[in-house]
Structure formats: C-alpha cells, structure tokens
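Chemist: Protein chains in written order, with the UniProt record's numbering: chain A, 1 to 249; chain B, 1 to 249.
Each residue gets a CB set at the ideal place from its N, CA and C atoms; glycine is no exception.
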C-alpha cells in the first residue's frame with residue numbers, strides 16, 4: 001500500500017534533503033523514524049530535494065507499507081523525529097502514485113528581513129540595503145513570458161532540458177519582511193536562489209530591468225547574479241492532481 | 001552620560017540574563033560587546049533578569065559612557081553580538097535614571113502551540129491537550145483583584161514583600177497559538193511560570209476556577225501548579241515614565 005506524507009522542516013541543521021553518506025539529512029532522519037515505526041527498512045521518495053540550509057513548509061514523500069496505517073503514525077513520527085522536522089498529514093494514494101513525477105506545480109518563497117531578527121536568525125536573509133521593489137517586480141514579471149531557464153541552472157546538472165513554465169513571480173511586503181513568491185511546473189537546481197540574487201542586483205541598482213532579457217537569452221549562468229544564501233528559501237507548496245491524495249489524518 | 005539600550009533576545013542558548021561565573025548569559029555577551037566598542041569595561045543594569053531559556057522581545061538596560069553615542073553604536077553592536085541577540089534602540093536618559101527602579105510596569109506573554117512547530121521549536125510550549133480557555137480566563141481574572149502573590153513566588157527569594165499590582169491577565173488566540181498576557185508593576189521570581197502552570201491545571205480540569213482563591217490565600221507555593229517550562233515565556237514590554245527616555249536611534 002502506498003502512502004504520501006506531508007511534512008515541514010527547518011533546514012538549518014541539515015545537509016539538505018537527500019540522503020548522502022556521512023551527512024545529516026532530512027531524508028535520512030525520516031527514513032530512520034519510519035523504518036523504526038513500520039519495523040522494516042522503508043525508503044521515501046520526495047517531490048524534490050532541497051539544498052543545505054533550505055527549509056520546507058510543505059514537502060511530500062511517498063513510501064510503501066505492508067499494513068494499513070492510521071493517524072497514530074503521525075503522532076508517533078512527531079514524537080521520535082527531531083524538533084526541527086514535523087509531519088503534518090498522511091494520505092492514502094494509488095500504488096503507482098509518485099511524489100516527484102505526479103507533482104504538477106511547486107511554489108517557493110524567499111524571505112528578506114530588513115533588520116536583525118534574534119528569534120529566527122536562520123529563517124530569512126538579513127538584508128538592510130534599500131531596494132527598489134517596483135523594479136524587482138518588473139524584472140520578475142519577465143520570467144513569466146520566458147521558457148528556457150538555463151541561465152539560472154547550476155552548470156553541473158543531469159536534466160535533459162531547461163524548460164520551465166513559471167506561473168507566478170512577484171515580491172510582497174508581509175509584516176516586516178519582503179517576500180518573493182515563485183511557482184512553476186518544475187525548478188532547476190539552484191534556480192530560485194540564482195533568480196533571487198539577480199533580482200536583488202536589480203533592486204540595488206547593479207542591474208537594469210532590461211538586463212534580465214539578455215541574461216535569459218544568454219543561457220549562461222555566469223551572466224546571472226550570485227546565488228542568494230539558503231537561509232531565506234522555503235519550499236511552500238507542492239500541488240498534485242485532484243483526487244490523487246485521500247486524507248487519512 | 002547615561003544611556004538606555006532596548007534589546008531583544010532568544011533565551012534558548014543562555015543561562016538566563018544575569019552574569020554568573022562560567023555561565024553563558026545575555027548580560028555577559030552584551031557587556032563584552034559594549035566594552036569592546038566603548039574601549040572600557042562597561043557594566044549594564046537591566047529592568048529585571050530573565051531565567052534560563054526565557055526570551056525577551058523588549059528588555060532595557062542602562063549603562064554609562066564617557067563620550068556621546070550615536071546610532072553607529074547600534075549597528076556595531078548588532079554586528080558583533082550573536083545572531084540571537086539584537087539591539088533595537090538607543091536612548092539618552094538623565095544621569096540618575098535606572099532601568100530597574102524606574103520601570104513602572106512589565107508585561108509578559110506565554111505562548112502555547114497546539115502542534116509541533118519545526119520552525120520555532122524553542123519559542124513556545126508544545127501543548128496539544130484540549131483546554132477550557134473560558135475557565136482559564138475566569139481564573140486569570142481573579143489575579144486582578146488580589147495583592148499578595150507569595151503562593152506563586154520561588155521559596156528562595158530575597159524580596160521583602162510579595163505585593164504586586166496585576167493590571168492585565170488574559171488568554172487570547174493568536175493565529176495558531178494560545179497566548180497568555182500578563183502585566184504588573186513588579187513580578188516575583190518564577191511568578192509567571194507558576195501562574196501559567198496553575199491556569200493550565202484549570203484548563204485541563206485538574207483544578208477548579210474557585211481553587212485559585214484558596215491558592216492565593218494560602219501564600220504557599222506548594223498549593224499552586226507546577227512551573228510551566230521556560231521556552232514559552234517572553235518578556236514583551238517594560239514601561240518607563242513619559243519623558244524619561246530620549247530616542248537617539
């Protein structure tokens with residue numbers, strides 16, 4: 001029987017999502033907890049990986065179980081998982097459902113904080129320089145009418161093409177924070193942080209709005225801005241086809 | 001010349017506010033940073049101490065400087081203080097002003113979170129049992145008409161009397177959290193956590209609202225509930241007479 005788990009985590013203490021030898025990862029913590037509770041080695045497949053220090057408000061994984069599972073699994077998992085990882089919901093799915101291949105859209109947020117925040121030092125980028133948010137939004141809007149995002153992809157990558165459909169890209173002020181929202185059917189590795197770094201260059205006047213077109217057309221990572229640091233980045237939403245997930249708890 | 005500094009800190013990593021031998025405290029961090037920047041040993045006096053693991057959204061200290069200070073001090077302090085301590089404002093005050101003796105009122109909040117919060121595991125008490133908030137508010141209201149709070153004071157204390165004027169005491173739902181607000185002219189050591197522990201006993205049905213009167217009249221700490229743990233407690237406001245503080249930055 002196949003299940004989806006919905007979870008959230010603060011990435012600060014982890015070497016990213018994906019299990020690697022001798023590294024502290026969220027996937028390894030979750031697989032260890034699930035294997036303990038299900039009493040057999042249990043592997044999980046996520047909607048996508050997140051990098052070192054990147055957070056997730058909503059991440060999904062699929063895994064298989066020999067016996068039917070109930071809401072007790074959530075309580076037990078939250079009891080044995082570390083305090084910076086929480087499971088939110090458990091869903092029953094068809095046996096062929098796949099957390100990565102069935103995801104229709106992902107959404108990320110990038111959080112900027114204009115002053116030092118002692119209560120969440122690793123949950124935003126502390127950025128106190130003045131920013132021209134109107135220009136950053138003009139530049140962001142150009143992403144919506146573009147298809148090839150090779151200029152924002154890590155050079156070392158195993159993807160076969162760089163086409164993404166960006167469905168939202170805008171900056172909003174939320175309480176004291178400035179938050180970038182971006183959604184797409186897929187994201188390339190390092191893409192959101194490269195886009196944020198480039199838009200910050202526009203916001204501080206180092207780049208013009210019009211430069212974004214040239215950067216996109218260049219397909220050259222070196223033309224885009226520096227990657228923004230990981231602490232401001234959150235995976236916030238993963239969408240699946242209606243009816244694929246049946247909520248258990 | 002005497003100054004007030006307004007600061008905020010997450011208490012998780014500290015053995016409380018007050019400097020002690022061989023202990024990591026917020027006061028020691030601040031005094032070390034100030035002494036470095038002012039190039040002379042500089043002691044600070046706070047509005048009051050906070051215990052191990054307790055946070056402050058607004059704490060005040062006074063200190064003296066030989067030369068006039070500007071907003072540059074705030075930027076420099078935030079640069080060298082740890083990421084979980086932030087200075088917010090600098091004020092010029094009369095030479096006899098005192099951060100502790102001149103404070104008219106203090107306010108605290110205690111935060112309860114009904115589910116696991118991976119982004120702020122040390123900034124609230126994770127409390128998932130059902131609570132009768134109406135009864136907790138009835139019990140809290142009884143604090144407003146009482147004067148002697150010895151029943152909520154630590155037994156080991158150096159105060160000469162236990163009289164406090166409680167000016168506010170109520171529970172509110174704020175987003176997902178349940179938050180207790182309490183203000184008074186002064187607080188005894190351990191008082192807020194003992195009150196919260198007692199009100200939680202009312203909320204879970206272990207104590208009746210009417211028991212609060214007996215507890216207050218007993219003047220016996222053993223009659224009150226267990227102290228609630230420190231991670232949910234925030235010092236949120238300290239009030240001074242109008243005109244005492246002149247904002248510099």
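Count Cβ pairs between the stretch 97-113 of chain A and the stretch 114-132 of chain B that sit closer than 8 angstroms; are there 3 or more?
Modeler: No contact exists between the stretch 97-113 of chain A and the stretch 114-132 of chain B.
Chemist: Can you check whether the C-beta of residue 227 of chain A is within less than 8 angstroms of a C-beta belonging to chain C?
Modeler: Of the protein chains in the structure, A and B, none is chain C.
Chemist: For the beta strand (DSSP E) containing residue 174 of chain B, name the first residue and the last one.
Modeler: Its beta strand (DSSP E) spans residues 166-174.
Chemist: Which residue's Cα is closest to the Cα of residue 148 of chain B: B/245, B/187, B/47?
Modeler: Closest by alpha carbon: B/187.
Chemist: Just to confirm, are residue 142 of chain B and residue 232 of chain B a CB contact at a threshold of 8 angstroms?
Modeler: In this structure, residue 232 of chain B does not lie closer than 8 angstroms to residue 142 of chain B by Cβ.
Chemist: When the distance is taken between beta carbons, is residue 8 of chain B closer than 8 angstroms to residue 56 of chain B?
Modeler: Yes, these two residues count as a Cβ contact at 8 angstroms.
Chemist: Just the C-alpha distance for residue 174 of chain A and residue 154 of chain B, rounded to the nearest angstrom, thanks.
Modeler: Cα-Cα distance, rounded: 41 angstroms.
Chemist: Can you find the residues in the same chain that come closer than 7 angstroms, C-beta to C-beta, to residue 189 of chain A, ignoring five residues on each side of it along the sequence?
Modeler: Answer for residue 189 of chain A: 153, 154, 157, listed in chain order.
Chemist: So is residue 140 of chain A buried or exposed if we call it buried at 16+ other beta carbons inside 10 Å?
Modeler: The residue in question, residue 140 of chain A, is buried, as its Cβ has 16 or more Cβ neighbours within 10 Å.
Chemist: Considering only residues of the same chain and omitting the five flanking positions on each side of residue 207 of chain B, which have a CB-CB separation below 6 angstroms?
Modeler: For residue 207 of chain B, where only same-chain residues beyond five positions count, the Cβ hits under 6 angstroms are 201.
Chemist: Are any of the Cβ atoms in chain A nearer than 8 angstroms to that of residue 13 of chain B?
Modeler: Output row for residue 13 of chain B: interface = no.
Chemist: Check each residue of the stretch 70-101 of chain B: if its Cβ is closer than 7 angstroms to any Cβ of chain A, include it; give the result in chain order.
Modeler: Answer in chain order: 78, 83, 84, 85, 86.
Chemist: Per DSSP, which residues does residue 215 of chain A bridge with? Please list them.
Modeler: Residue 215 of chain A pairs with nothing; no bridge assigned.
Chemist: Please name the residue in B/105, B/199, B/125 whose C-alpha comes closest to that of residue 114 of chain B.
Modeler: Of the candidates B/105, B/199, B/125, the one whose C-alpha sits nearest the C-alpha of residue 114 of chain B is B/125.
Chemist: Quick one: which unbroken beta strand (DSSP E) runs of 3-plus residues sit fully inside the UniProt domain "Pseudouridine synthase I TruA alpha/beta" (8-102) of chain A? Chain order, please.
Modeler: Fully enclosed beta strand (DSSP E) runs of 3 or longer: 55-64, 85-93.
Chemist: Quick one: grab the DSSP three-state call for residue 236 of chain A.
Modeler: Strand, per DSSP.
Chemist: Closest Cβ-Cβ distance between residue 10 of chain A and chain B: below 8 angstroms?
Modeler: Taking Cβ atoms only, chain B reaches closer than 8 angstroms to residue 10 of chain A, which makes this a yes.
Chemist: With a cut-off of 8 angstroms on the beta carbons, I'd call residue 245 of chain A and residue 4 of chain A a contact; round off their distance for me.
Modeler: Correct: roughly 6 angstroms between the Cβ atoms.
Chemist: Tell me where the alpha helix (DSSP H) around residue 112 of chain A begins and ends.
Modeler: Run containing residue 112 of chain A: none in the alpha helix (DSSP H); it sits in the beta strand (DSSP E), 105-113.
Chemist: Below 7 angstroms on C-beta distance, what does residue 116 of chain B contact in chain A?
Modeler: Within 7 angstroms Cβ-Cβ: 78, 86.
Chemist: Which of the three DSSP states, helix, strand or coil, is assigned to residue 6 of chain B?
Modeler: DSSP places residue 6 of chain B in strand when its eight states are reduced to three.
Chemist: CA-CA distance, residue 61 of chain A and residue 235 of chain B?
Modeler: C-alpha separation (whole angstroms): 40 angstroms.
Chemist: In chain order, what residues of the stretch 121-140 of chain B put their CB closer than 7 angstroms to some CB of chain A?
Modeler: Per Cβ criterion, the list reads 121, 123.
Chemist: Could you give the DSSP three-state label for residue 248 of chain B: helix, strand or coil?
Modeler: Reduced to three states, the DSSP call for residue 248 of chain B is coil.
Chemist: Going along chain A, which residues have a C-beta under 9 angstroms from residue 152 of chain B?
Modeler: Correct list: empty, because the minimum Cβ distance to chain A is about 27 angstroms.
Chemist: Could you tell me if residue 50 of chain A is buried or exposed, where buried requires 16 or more neighbouring beta carbons within 10 angstroms of its beta carbon?
Modeler: Burial call: buried.
Chemist: Indicate the three-state DSSP secondary structure (helix, strand or coil) for residue 141 of chain A in the structure shown.
Modeler: Here residue 141 of chain A sits in helix by DSSP.
Chemist: Please identify the residue among A/221, A/220, A/198 whose C-alpha is closest to the C-alpha of residue 210 of chain A.
Modeler: The option with the nearest alpha carbon to residue 210 of chain A is A/198.
Chemist: According to DSSP, residue 162 of chain A sits in a beta bridge with which residue or residues?
Modeler: None; residue 162 of chain A has no bridge partner.
Chemist: DSSP has residue 280 of chain A in a bridge; who is on the other side?
Modeler: No information on residue 280 of chain A is available, as it lies outside the stretch 1 to 249 that chain A covers here.
Chemist: If the criterion is Cβ atoms closer than 8 angstroms, does the pair residue 45 of chain B and residue 85 of chain B meet it?
Modeler: Not in contact: residue 45 of chain B and residue 85 of chain B (Cβ atoms no closer than 8 angstroms).
Chemist: Considering only their Cβ atoms, is the gap separating residue 37 of chain B from residue 73 of chain B smaller than 8 angstroms?
Modeler: Yes. Within cutoff.
Chemist: So is residue 60 of chain A in contact with chain B if we call contact Cβ pairs under 8 angstroms?
Modeler: No, no contact with chain B.
Chemist: Going by beta-carbon coordinates alone, are residue 14 of chain B and residue 52 of chain B separated by less than 8 angstroms?
Modeler: Yes. Within cutoff.
Chemist: Tell me which residue opens and which closes the alpha helix (DSSP H) that residue 243 of chain B is part of.
Modeler: It is not in any alpha helix (DSSP H) - residue 243 of chain B carries neither H nor E in the DSSP assignment.
Chemist: How big is the Cα-Cα spacing for residue 196 of chain A and residue 247 of chain B?
Modeler: Straight-line Cα distance between these residues: approximately 36 angstroms.
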